[in-house]
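Reading through the structure tokens given below for one structure.
In this note's numbering, the protein residues as written are -2 to 287.
Okay, structure coming up:
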């Protein structure tokens, strides 16, 4: 990654990327951010070549931190950036040339009109874009002033809370969500465990209605109501995998309740309860994309 040309007409932007064992993706992700003024990579102690690849990029600043969930990691990382404006990406995402041009245009006359912006995601399953299956309206708040938003205290699937509405940009980022089914099925198992831990922490319990009903509804909703059938074979496999994740999550919660009666406590992951990570949430509102 060469030195990015400085654009004196706009405020500087820090790019933030979180990683764990992303050797397959991280080089392309960083290349898509070569126009940013700072690139901060926060790694969760990867065991593959991710650290080596990042360190080969001279402009990328590499730090490592224990992982307590995406929300905790990103909140902490935002506090480490050097610029007021932050663009957040996961390692399997890319800032497209069209999105870069739109962001640059926002800053052309100095400060943008809003403090936060929502970005659409174009989801790839293996070699093709998933156009339906519940992902046709996938969008996330990812461009903002550091003090304009925070993630809420959730272990998994936390959406950014913002102080003001966050308009949706026209151009999407690319999200290479599924490269191969083996690695994706392992990710589903991991995320289902984290999701179950969050449910348990929130006092939720599970039984046959949740295990069967929620997983069946997840498939019917994504494959039928949200037109996953139009994504062909990829849509069928994708929607079944999503339903499998729901089944696992609620099954974990049910099994933990059974084992607790036998004196066996659930194997919960660690949570980040430090006040600094979750500061300012009382001033923000969830889901303010407009």
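Every residue, glycine too, gets a C-beta built ideally from N, C-alpha and C.
In this text the structure is predicted, and so the values were computed from the model without any measurement.
Who pairs with residue 82 in a beta bridge, going by DSSP? Per DSSP, the beta bridge partners of residue 82 are 10, 142.
How big is the Cα-Cα spacing for residue 51 and residue 65? Rounded to the nearest angstrom, the two C-alpha atoms are 22 Å apart.
Which residues bound the beta strand (DSSP E) around residue 170? First-last of the beta strand (DSSP E) with residue 170: 170 to 175.
Could you tell me the distance, in whole angstroms, from the CA atom of residue 82 to the CA atom of residue 118? Rounded to whole angstroms, the separation of the alpha carbons of residue 118 and residue 82 is 20 Å.
For residue 273, tell me which candidate among 150, 190, 141 has the shortest Cα-Cα distance. Residue 273 has its Cα closest to that of 150, out of 150, 190, 141.
Sequence-distant residues of the same chain with beta carbon closer than 6 Å to residue 24, five excluded per side: Non-local beta-carbon contacts of residue 24 in its own chain, meaning distances under 6 Å to residues more than five positions away in sequence, involve 50 in chain order.
Determine the contact status of residue 206 and residue 250, defining contact as a CB-CB distance below 8 Å. Contact flag unset, no.
Please list the terminal residues of the continuous beta strand (DSSP E) segment that includes residue 25. No beta strand (DSSP E) holds residue 25; the alpha helix (DSSP H) holding it covers 23 to 28.
What do you get for residue 178, buried or exposed, if any count of 16 or more other CB atoms within 10 angstroms of its CB means buried? So residue 178 counts as exposed.
Three or more C-beta pairs under 8 Å: does that hold for the region 183 to 199 against the region 90 to 101? Three or more Cβ pairs closer than 8 Å define a contact, and the region 183 to 199 falls short of that threshold against the region 90 to 101.
If you reduce the DSSP assignment to three classes, tell me which class residue 214 lands in. When DSSP states are grouped into helix, strand and coil, residue 214 belongs to the helix group.
For residue 205, is the beta carbon positioned less than 7 Å from some heavy atom of the ligand FAD? Among the components of this structure there are no ligands whatsoever, and the ligand FAD is therefore not found.
Counting along the chain, where does the alpha helix (DSSP H) carrying residue 255 start and finish? Its alpha helix (DSSP H) spans residues 229 to 258.
Whole angstroms is fine: what's the gap from residue 218's alpha carbon to residue 201's? Cα to Cα, the separation comes out at about 22 Å.
Considering only residues of the region 90 to 137, which uninterrupted beta strand (DSSP E) runs meet the minimum length of 3 residues and lie entirely inside it, listed in chain order? Taken in chain order, the complete beta strand (DSSP E) segments of 3 residues or longer contained in the region 90 to 137 are 113 to 122.
Simplified DSSP state of residue 295, which is helix, strand or coil: Since the displayed the chain opens at -2 and closes at 287, residue 295 lies outside it and no answer follows.
So residue 59 packs on residue 40, CB below 8 Å; how close in whole Å? The Cβ separation is near 7 Å, so the contact holds.
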